[in-house]
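According to my numbering, the sequence shown holds residues 3 to 121 in order. Cβ atoms here follow ideal geometry from the backbone N, Cα and C, with glycine treated the same way. Just so you know, these numbers come straight off a predicted model, no measurement behind them.
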Amino acid sequence: MCLLRTSHGLAATATRRRGGSPCMAAPQWIRAGRAGPLVTANSDEPQTAGLWKLGLLPFPLSDCLLPGETKQVHLYEARFIQLFADSAAKNNDCLGALLFTPGGNVAAVTTLLEVEEFK
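As structure tokens, then:
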């Protein structure tokens, strides 16, 4: 079971609980030191601006979370549980939502999701 929340809310399965933090937009979240180093497309050296590699969980567009909302997700396949755990561990408990439309398209923008609880 995962509990997800925007910018600081996501939960899954493997017992672990973390304290809450206020909702923040991505720039504030990064400045607060919650995110790892940013990586540009041209270099593996940490930069102050650029792209940030982030694990994505697929969700229909109708399940998009707004700031402050939380979502509980039940992961039952071992490969998804491991993917979730690895992505969360590498990115300071942060994941993204890969939002797809009924027509099969993928949204160009998404929300940051923070793991709140993983058990």
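>> Assuming L58 and G98 are in contact, meaning their beta carbons sit under 8 Å apart, how far apart are those beta carbons, in whole angstroms?
In response: 5 Å between Cβ atoms; contact.
> Thinking C-alpha only, which one of E119, P60, P62 is nearest A91?
Replying inline: Put simply, of E119, P60, P62 the residue whose alpha carbon is nearest the alpha carbon of A91 is E119.
>> Considering only DSSP beta bridges, list what C96 is partnered with.
In response: BP columns for C96 point to E116.
> Taking the continuous beta strand (DSSP E) assigned at L59, which residues delimit it?
Replying inline: Element bounds for L59: 58-62.
>> Determine whether the beta carbon atoms of L101 and C66 lie at a separation below 7 Å.
In response: Their beta carbons are under 7 Å apart, which means L101 touches C66 by this criterion.
>> Please classify N44 as buried or exposed, where buried requires at least 16 neighbouring CB atoms within 10 angstroms.
In response: Confidence is the limiting factor: at N44 the pLDDT is only 48, short of 50, which leaves the residue's position unreliable and the question unanswerable from this model.
> Between T96 and E71, is the Cβ-Cβ spacing less than 7 Å?
Replying inline: The question names Thr, but residue 96 is Cys in the sequence shown. No, these two residues do not count as a Cβ contact at 7 Å.
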